[in-house]
Structure formats: structure tokens, C-alpha cells
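Just below is one structure, and these are the notes that go with it.
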Amino acid sequence: MSHNLSLRSLLSGSTLPPSEARLLMSHVLEKQYQLPRSALLSRDEMVLSPEAISQWQELQSKRLAGEPIAYLIGKRGFHDIELYVAPGVLIPRPETELLVEIGLQEIARLHEPVKVLDLGTGSGAIALAIANAAPHVLVSATDQSSEALDIAKTNAQLLNLEIRVKLLQGSWYEALSDDLRFDIILSNPPYISALDPHLSKGDLRFEPQSALTDHASGLTCLEAIIDGAKDHLSPNGLIAVEHGFDQSDEVVNLLKTAGLSDIQTYLDLAGHRRVASGRNSGAQ
Ligand code: GLN
């Protein structure tokens with residue numbers, strides 16, 4: 000009887016896709032036995048304890064009901080770091096690493112100390128990935144949600160980056176003091192239109208709606224961020240924002256209207272224009 004409760008038979012009996020079952024099982028092994036992921040193979044005859052089995056069954060049924068893997072295991076890799084994630088924040092997406100790369104390229108051209116602003120930081124993904132990869136930059140990161148800021152703070156502590164990443168509560172620029180200017184502003188704001196059917200599908204059902212949609216056309220947060228950029232960028236400072244796959248033309252227009260120059264667009268891995276940037280090169 001007990002062989003039915005072995006790690007191997009639990010995994011092979013699961014109706015989840017095998018890669019997902021392995022991710023959830025390695026989480027159980029880590030929590031219950033402090034075992035590394037390699038135990039999935041090296042200890043596959045192991046008979047799990049009743050606690051481990053009930054944790055496995057709970058995770059499995061939550062996943063079958065659609066809960067995102069990242070929330071179930073409480074973490075997600077992003078750029079060069081691992082982030083703690085929970086339902087109060089958007090799960091960091093691979094396409095957002097594009098913003099980190101654009102920020103890091105700009106940092107490499109500038110003299111220290113470079114000041115970076117991440118608007119709507121959520122889990123802290125962009126701010127912390129930048130601070131982790133660029134040891135001398137000073138990052139300010141804002142979010143309206145205190146729940147998100149608590150998660151971002153936990154991540155800053157786990158990554159030992161609290162000293163260089165300042166977390167501030169408020170809507171976009173409202174969290175900042177007026178005279179502060181930044182060399183680089185980055186943001187992945189909520190840009191999904193309220194009417195987009197994706198909001199009620201897949202992982203998105205479980206994520207905070209306020210991190211996904213502006214409850215309007217999808218462009219209102221992007222507009223507020225771009226409109227305020229000139230007042231918060233240093234001379235020649237760069238702003239780069241992530242947007243929806245079909246919003247490039249509108250976002251380029253917003254950048255032009257806000258008086259930014261040297262406007263560029265960037266493709267994500269799927270070949271969609273996903274990020275746009277502009278510079279504060281004109282007179283104020
Ligand atoms: N890229 C995310 C998605 O389409 C949306 C993130 C956002 O609104 N900033 O699922």
C-alpha cells in the first residue's frame with residue numbers, strides 16, 4: 000500500500016502537466032524536508048509523510064482550479080533574482096525584463112551615482128533587478144498599494160538591497176518630493192483595457208485587477224506617467240514604459256505630446272512592440 004504514497008507514484012498519478020507537478024512537488028520537499036529539487040530524482044522511492052501528502056494534494060487541487068504556480072510556491076524568477084510573490088502583486092513577466100535591460104544599458108553610459116525610479120513597483124521586480132545588477136545605483140520605487148509595498152520590502156530584505164532601494168507609497172509621482180529628479184524612469188503600469196476578456200481568463204483571474212487594468216481604455220496610467228516625466232527627469236534623462244502589444248502607436252504619441260524626444264520602441268520575445276522610451280532633451 001505504502002508504495003502508492005511514494006514520491007514517484009504521486010507524481011505519475013497526477014493529472015497536472017508533468018513540469019507543473021514537479022514544481023509543486025519540489026516545493027513540498029523543500030518545505031517539509033528541506034530537500035533540494037534534485038530529490039525529485041534521487042529520492043523518488045521516498046514515502047511521504049501524511050503532512051507532506053496533504054500539502055501536495057492541496058497544492059494540486061488549487062492548481063487544477065487555476066491558481067497560478069507562482070502564488071502556490073510563493074516565488075518567481077525574474078532577470079537575475081528570485082522574488083517572493085503573493086496574491087497582492089502581479090506575477091513578474093519575462094517581457095518586463097526588457098525594461099530592466101534598457102535601464103541597465105542606460106546606467107552603463109552614465110556616471111555614478113545614477114538615480115532610477117520604478118513607478119508601480121508591485122513585488123519590486125524592476126527596482127530590485129536593477130539594484131542587484133548595478134551595485135552603485137540608487138533606486139526609488141513607488142506603489143499605491145500597501146500590500147504590494149510590504150511584499151516589495153520583504154524582497155528588498157531577502158536580497159539585501161534595502162539600503163539602495165527606497166520604497167514609497169503613493170500614486171505614480173505623488174509619492175515623491177517635488178524637487179527630486181531621476182536619470183531613468185521605468186514603469187510597467189496596468190495597461191489592459193477594462194473590456195479585455197483576458198482579465199477573466201488564466202492566471203489573470205487571480206492577480207490584483209488594479210495591477211492589470213486602469214478600469215478604462217488601458218492608456219490612462221501610461222498617460223499620467225508619461226505626462227509627469229519631464230518634471231521628474233534630469234536633463235537628457237530617459238523614460239521607458241511597458242505597454243500592451245497593440246498600444247505602441249498611442250504610447251509613442253503620448254511621448255511626443257509630452258515633449259519627449261529620441262523616441263524608441265522595443266520588441267518583446269514574441270515580436271510585439273512592448274516598450275517605448277523617450278528623453279528629456281529639450282528645455283523645461
Ligand atoms: N503583461 C501583462 C499581461 O498581459 C499585463 C501587465 C500589465 O498590465 N502591466 O498579462
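Okay, so the sequence shown: first residue is 0 according to numbering that gives the first Met the number 0, each after it adds one. Just so it is clear, CB atoms sit at the ideal spot from N, CA and C, and this is done for glycine as well. Given the structure is predicted, the values throughout are model-derived calculations rather than measurements.
query: Which value, in whole angstroms, describes the spacing of the CA atoms of residue 211 and residue 191?; result: 6 Å
query: Roughly how far, in whole angstroms, is the beta-carbon of residue 135 from the beta-carbon of residue 111, given that I think they are within contact range, below 8 Å?; result: 5 Å
query: Within 10 angstroms of the Cβ of residue 59, are there 16 or more other Cβ atoms? Answer buried if so, exposed if not.; result: buried
query: Which class does residue 169 belong to by DSSP, given the choice of helix, strand or coil?; result: coil
query: Given 8 Å as the limit, tell me if residue 190 has its C-beta closer than that to any heavy atom belonging to the ligand GLN.; result: yes
query: Can you list the alpha helix (DSSP H) stretches of 4 or more residues lying completely in the region 87 to 144, in chain order?; result: 96 to 108 and 124 to 132
query: Using DSSP bridges, identify the partner residues of residue 76.; result: 81
query: Leaving out five residues before and five after residue 145 in sequence, what residues of the same chain have Cβ atoms less than 8 Å from its Cβ?; result: 168
query: Taking the DSSP output, what are the residues bridged to residue 181?; result: 232
query: Please give me, in chain order, every unbroken run of the alpha helix (DSSP H) with length at least 4 that falls completely inside the region 190 to 240.; result: 208 to 211, 219 to 226 and 228 to 231
query: Going by DSSP, name the residue or residues bridged to residue 265.; result: 274
query: Suppose the cutoff is 8 Å on Cβ atoms and the five residues either side in sequence are ignored; what does the same chain contact list for residue 15 look like?; result: 23, 59, 62 and 63
query: Short of 6 Å in beta carbon distance, which residues of its chain neighbour residue 5, apart from the five on each side in sequence? Order them along the chain.; result: 44 and 46
query: How should residue 278 be labelled, buried or exposed, when 16 other C-beta atoms within 10 angstroms of its C-beta is the threshold for buried?; result: buried
query: Any idea what DSSP makes of residue 43, helix, strand or coil?; result: coil
query: Does at least one heavy atom of the ligand GLN sit under 8 Å from the Cβ of residue 249?; result: no
query: By the three-class DSSP mapping on this structure, what secondary structure does residue 247 have?; result: helix
query: Using the rule of at least 16 other Cβ atoms within 10 Å of the residue's Cβ for burial, across every protein chain shown, is residue 105 buried or exposed?; result: buried
query: I want to check one thing, is the minimum distance from the CB of residue 58 to the heavy atoms of the ligand GLN below 8 Å?; result: no
query: Touching or not, the region 170 to 182 and the region 72 to 86, by the rule of three or more beta carbon pairs under 8 Å?; result: no
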